[in-house]
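When the letters of the sequence shown are read in order and numbered with the numbering used here, they come out as residues 1 to 263.
For glycine and all other residues, C-beta sits at the position ideal for the given N, C-alpha and C.
Values in this document were obtained by computation on a predicted structure and should not be read as measured data.
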Amino acid sequence: MSEAAALEAHGVSRVYRLPRRSPFEPGAVRTAVDDVDLVVPVGARLGIVGESGSGKSTLVRLLTGLEAPSSGTVTSLGRPVSATASTRSMRWFRATTGIVFQDPYASLDPRMRVGAIVAEPLRALGVEGDHRTLVREALARVDLPADTVDRFPHEFSGGQRQRIAIARAVVHSPSILVGDEPMSALDVVVRARVIDLLGSLADDLGLTLVLVSHDIGVVQRLCDSVAVMAAGRIVERGPVSLLDAPTSPITKALVAAAPTLPD
């Protein structure tokens, strides 16, 4: 019997109803994700790329149970992922998954000390034991000192804040790490350091990695496979080497626009 995939989507679509401009007009809809099939094997490093508005971030929200698909199914390790299920019934999925969001300024509560921020998954999952020790270990993994726990987010740079967000995503020892444009708010030099950090964490912790990015260079550096999205659909997929010789005009345009990352 084959091993269940870390994440799997079958026929997944997400349609949003738009506000009606007049009571005499029919309501319009916008299809953000359109009949997508996707399999992420355990241990894979998948990059999902596309221009802004291509549907890649919405797809990740569907894969991680943050939104429910309008149609289709999402599973993780053979079990259904549901945005409409109770928090308790989805606890198994939250325990196996960590998420890093796009904006390190918005994703951290400015009123909380870093120690409490990083410990959020531990409290939500009811993890027993010494949370302070687990938090310090997670911060050490992202090269932040122990006294970080007593400080507030505004005391750190953008790159350091994203390291704090990454520490929060891995503090509960997940097997799957999902990043939704986690480098887009960072400058080029800091971005390269965070890329290296994510690669090291994936190696050290044996993570399955799903990374959303509009930046081809980030995916080439971190991932072993790639899916290219446009207009809510996957238009090209395969090993990350396909970015060296893309066939889709959309992929060619993304490759041509990619900035050069420092070594």
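Query, Result
"Under the three-state DSSP convention, the category Gly179 falls into", "strand"
"Buried versus exposed, by CB contacts within 10 Å (16 or more), Gly206", "exposed"
"Residue range of the alpha helix (DSSP H) that includes Ser82", "Segment: none, Ser82 is in no alpha helix (DSSP H) and carries neither H nor E."
"Cα-Cα separation, Asp34 to Lys56", "11 angstroms"
"Distance CB(Val18)-CB(Ala28) smaller than 9 angstroms", "Inspection of the sequence shows that residue 18 is occupied by Leu rather than by Val. Result yes, Cβ atoms of Leu18 and Ala28 sit closer than 9 angstroms."
"Cβ neighbours of Ala4 in the same chain (closer than 6 angstroms, five flanking residues each side left out)", "Leu77 and Gly78"
"Per-residue DSSP class, three states only, for Asp150", "helix"
"Enclosing beta strand (DSSP E) for Val114 [first to last residue]", "Careful: Val114 lies outside any beta strand (DSSP E), inside the alpha helix (DSSP H) at Val114 to Val118."
"Proximity to Thr84 [Cα-Cα], best of Trp92, Leu209, Thr73 and Glu67", "Glu67"
"Close-in-space but distant-in-sequence residues of the same chain around Ile117 (CB under 8 angstroms, 5 per side omitted)", "Leu108, Asp109, Pro153, Ile164 and Arg168"
"Length of the line joining the Cα atoms of Phe156 and Ser173", "24 angstroms"
"Distance CB(Ile217)-CB(Ser225) smaller than 9 angstroms", "In the sequence as presented, Ile is not what sits at residue 217; that position holds Gly. Result no, Cβ atoms of Gly217 and Ser225 do not sit closer than 9 angstroms."
"Beta-bridge partners of Ala230, as assigned by DSSP", "Arg233"
"Residue of Gly43, Val40, Arg14 and Ala140 minimising C-alpha distance to Arg30", "Arg14"
"Assigned exposure category for Ala9 - 16 Cβ within 10 Å defines buried", "buried"
"For Arg141 and Val170, believed in contact at Cβ under 8 angstroms, the rounded distance", "7 angstroms"
"Candidates Gln220, Asp143 and Leu125: closest to Arg94 by CA position", "Leu125"
"Range covered by the alpha helix (DSSP H) that runs through Met205", "The displayed chain sequence assigns Leu, not Met, to residue 205. Counting along the chain, the alpha helix (DSSP H) containing Leu205 begins and ends at Val188 to Leu205."
"Secondary structure of Ser246, DSSP reduced to three states", "A small correction: the amino acid at residue 246 is Pro; Ser does not occupy that position in the sequence shown. Pro246: coil per DSSP, three-state reduction."
"First and last residue of the uninterrupted beta strand (DSSP E) at Glu8", "Leu7 to Arg17"
"Own chain, CB closer than 6 angstroms to Leu7, minus 5 neighbours either side, in chain order", "Val40, Leu63 and Ser76"
"The ligand SAM heavy atom lying under 8 angstroms from the CB of Glu236", "Looking at this structure, you won't find the ligand SAM or any other ligand, since it has none at all."
"Exposed unless 16 or more other CB atoms sit within 10 angstroms - verdict on Arg221", "buried"
"Beta-carbon spacing of Ile234, Ala245 below 9 angstroms", "no"
"Leu249 versus Ser241: straight-line alpha-carbon distance, rounded", "The sequence shown places Pro at residue 249, not Leu. C-alpha separation (whole angstroms): 16 angstroms."
"Run of the beta strand (DSSP E) containing Arg20, from where it starts to where it stops", "Counting along the chain, Arg20 falls outside any beta strand (DSSP E), and DSSP gives it neither H nor E."
"Same chain, Cβ closer than 7 angstroms to Tyr16, five either side skipped, listed in chain order", "Val29, Arg30 and Ala32"
"Boundaries (first-last residue) of the alpha helix (DSSP H) holding Gly72", "That residue, Gly72, is in no alpha helix (DSSP H); its beta strand (DSSP E) goes Ser71 to Ser76."
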